[in-house]
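Take a look at the structure below.
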């Protein structure tokens, strides 16, 4: 009987989500960065997201615990950014082997709290559970938030001809940035208020993996200008494409709007690059294949 | 440096939650069955909860996967019952070793979906992540829901003299019921609409562990009539007290209201026992000590 490594992450997710029945009030179910459900505020929708970090997968045992906490929360917040929304309340599940040091866990919590407060949200609840000895620490962070109904940005709204942009620089995140990155909440909030962004997501598995997801959700192909990729210092084009854990924004916007965007961005965010990296097309893909897959070796 | 087993679960939780800063809109933070935050609907509050099940802790490797899924969702729903609220949307984090069988996971998902739909809520999002080989499967379920503001039931509202009731029968859940229990959502909904319930929680760690939590949150002591405990068939009084995983309701209500409750309950829920097991007192405890602690051996 085939196991997970046979399928790859996207196939696993789509097989599983096919088993779920959408209830009333669900506007966008599994498959986008957050789920979108009816909100009770006027003109608002509610966003829901859960994510996790696991020792040995998302951080190494000797990583500073405060940074592990920061990352656990920042990953979830990044998905709210990807929708053009804002997070509000967070819940934490900590699964811990009982030989875990109390001081280590307190540092993790301080890091979680710091990241939450930096972005005006708060950890309102949690659950701790024991793990069999030798199991890796696991931290799951679920969040609720909201977005203006008219400004929610899905992955699926891209159109052929849209230009593709990424924020920041790609690649080399494993050297440290993956533990201390800033979720692009302010940038995404400004983008969603100021422009009609057709499609957006955050880059967690590398552009090589994530761009095809956005294009496919939009029913488009794409062209990627590999030579145009904004690279972190000392990183090859290949690494910029495939390293993953960048947590930068990838988005699609009409060519016409992109002129104003390129003019206004440097004034609004002088410290952060914004780079056109290609375009959506009506069919076919050019410029890449492959990336980080959770279930493939 | 002390590790977790030195502290016990309640001390771990209270040390960690002390590190969190409550944000605006948080009505009840960590420590109750759900967090309670401002809702945007009139007269409504939002409830938030996360919980998890782990292979080797909450289920055995050979448990039927559909029941594992049921339990993962039912545990979270049970916490909404404990507040007198109702769940609406659920998010799932699945952490899986890559040698996990696809068919097994699909069965888990079917069980989760079935439990969700049984109680009119839906799984709207999820995250799957790979685990290092040999790690135990971990399923975390976060939920959002709501309650009428005037009818939210905390653990902390009990008063000296209140009678204590439990639903159903206690003990022996490990023989099978822990995988297929019904969260007491309907019962709790009826209770919160029909009576002024002063304090309530669901029994997950055994009455011996959970009753002191409710009493302590209410600033009360308690008397427990051990001989009055409703026991599952073939279970000793000691097991009924300490086995855990009953997921029945424990609540406190004034002696005066309890007369009407005892008259109306059998008509409304003819198949489910309701038993007075003791009372809250102004100080001291009588009748027990000890129970299941996640971090103590």
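Chains as they are written, first to last, in the numbering used here: chain A, 1 to 297; chain B, 1001 to 1297.
We put the beta carbon where it would ideally sit given N, CA and C, even for glycine.
Nothing here was measured: the structure is a model prediction, and the numbers come from that model.
Local Cβ density within 10 Å of residue i, reported as buried at 16 or more and exposed below that
i                       : result
residue 1239 of chain B : buried
residue 293 of chain A  : Residue placement at residue 293 of chain A is poorly supported in this model, since its pLDDT is 49, which falls under 50; the coordinates still yield a value, given next. So residue 293 of chain A counts as buried.
residue 1020 of chain B : buried
residue 291 of chain A  : Note that residue 291 of chain A scores 43 on pLDDT, short of 50, meaning its location in the model is unreliable; the coordinates nonetheless yield the value given after this. Label assigned to residue 291 of chain A: buried.
residue 1004 of chain B : buried
residue 1042 of chain B : exposed
residue 1176 of chain B : exposed
residue 1040 of chain B : exposed
residue 1127 of chain B : buried
residue 1162 of chain B : buried
residue 1212 of chain B : buried
residue 116 of chain A  : buried
residue 61 of chain A   : exposed
residue 1002 of chain B : exposed
residue 1158 of chain B : buried
residue 1277 of chain B : buried
residue 1046 of chain B : buried
residue 1030 of chain B : buried
residue 24 of chain A   : exposed
Beta-carbon proximity check, residue i vs residue j, cutoff 7 Å
i                       : j                       : result
residue 1243 of chain B : residue 1284 of chain B : no
residue 1102 of chain B : residue 1142 of chain B : no
residue 1132 of chain B : residue 65 of chain A   : no
residue 146 of chain A  : residue 222 of chain A  : no
residue 1178 of chain B : residue 1245 of chain B : yes
residue 54 of chain A   : residue 94 of chain A   : no
residue 191 of chain A  : residue 279 of chain A  : no
residue 79 of chain A   : residue 34 of chain A   : yes
residue 160 of chain A  : residue 100 of chain A  : no
residue 1168 of chain B : residue 1264 of chain B : no
residue 37 of chain A   : residue 26 of chain A   : yes
residue 1217 of chain B : residue 1229 of chain B : no
residue 1251 of chain B : residue 1200 of chain B : yes
residue 56 of chain A   : residue 153 of chain A  : no
residue 1125 of chain B : residue 214 of chain A  : no
residue 119 of chain A  : residue 185 of chain A  : yes
residue 1156 of chain B : residue 1130 of chain B : no
residue 1081 of chain B : residue 1188 of chain B : yes
residue 261 of chain A  : residue 195 of chain A  : yes
Residue from the options with nearest C-alpha to residue i
i                       : options                        : result
residue 1017 of chain B : B:1251, B:1032, B:1219         : B:1032
residue 109 of chain A  : A:57, A:209, A:70, A:2         : A:70
residue 1113 of chain B : B:1089, B:1191, B:1185, B:1081 : B:1089
residue 1170 of chain B : B:1235, B:1073, B:1077         : B:1235
residue 1231 of chain B : B:1150, B:1275, B:1200         : B:1275
residue 59 of chain A   : A:174, A:193, A:184, A:220     : A:174
residue 1181 of chain B : B:1077, B:1029, B:1188         : B:1077
residue 144 of chain A  : A:198, A:107, A:73, A:184      : A:73
residue 44 of chain A   : A:87, A:68, A:11               : A:87
residue 1172 of chain B : B:1189, B:1156, B:1183, B:1233 : B:1233
residue 151 of chain A  : A:185, A:271, A:197            : A:197
residue 1202 of chain B : B:1023, B:1107, B:1075         : B:1075
residue 63 of chain A   : A:104, A:259, A:96             : A:104
residue 134 of chain A  : A:166, A:96, A:107             : A:96
For residue i, the residue or residues it bridges with in DSSP
i                       : result
residue 1120 of chain B : Answer is none; residue 1120 of chain B lacks a bridge partner.
residue 52 of chain A   : A:140
residue 1097 of chain B : B:1131
residue 967 of chain B  : Because chain B here runs from 1001 to 1297, residue 967 of chain B falls outside it and cannot be looked at.
residue 1038 of chain B : B:1045
residue 166 of chain A  : A:250, A:275
residue 148 of chain A  : A:44
residue 1090 of chain B : B:1123, B:1143
Under 8 Å from the C-beta of residue i: neighbouring residues of chain B
i                      : result
residue 57 of chain A  : 1129, 1130, 1131, 1132
residue 15 of chain A  : 1102, 1106
residue 109 of chain A : 1016, 1019, 1020
residue 52 of chain A  : 1093, 1095, 1127, 1129, 1140
residue 136 of chain A : 1131, 1132, 1135
7 Å Cβ cut-off: residues of chain B touching residue i
i                      : result
residue 121 of chain A : 1023
Residues that residue i contacts on chain A, provided the C-beta gap is smaller than 9 Å
i                       : result
residue 1007 of chain B : 102
residue 1285 of chain B : The contacting residues do not exist; residue 1285 of chain B stays about 25 Å from chain A at best.
Residues that residue i contacts on chain A, provided the C-beta gap is smaller than 7 Å
i                       : result
residue 1071 of chain B : Per Cβ cutoff of 7 Å: no residues; residue 1071 of chain B is ~13 Å from chain A at best.
residue 1039 of chain B : 40
Contacts that residue i makes with chain A (C-beta to C-beta distance below 8 Å)
i                       : result
residue 1026 of chain B : 89, 122, 124
residue 1144 of chain B : 46, 48, 144
residue 1030 of chain B : 123, 124, 125, 126
residue 1003 of chain B : 98, 99, 100, 101, 102
residue 1034 of chain B : 125
residue 1117 of chain B : 21, 23
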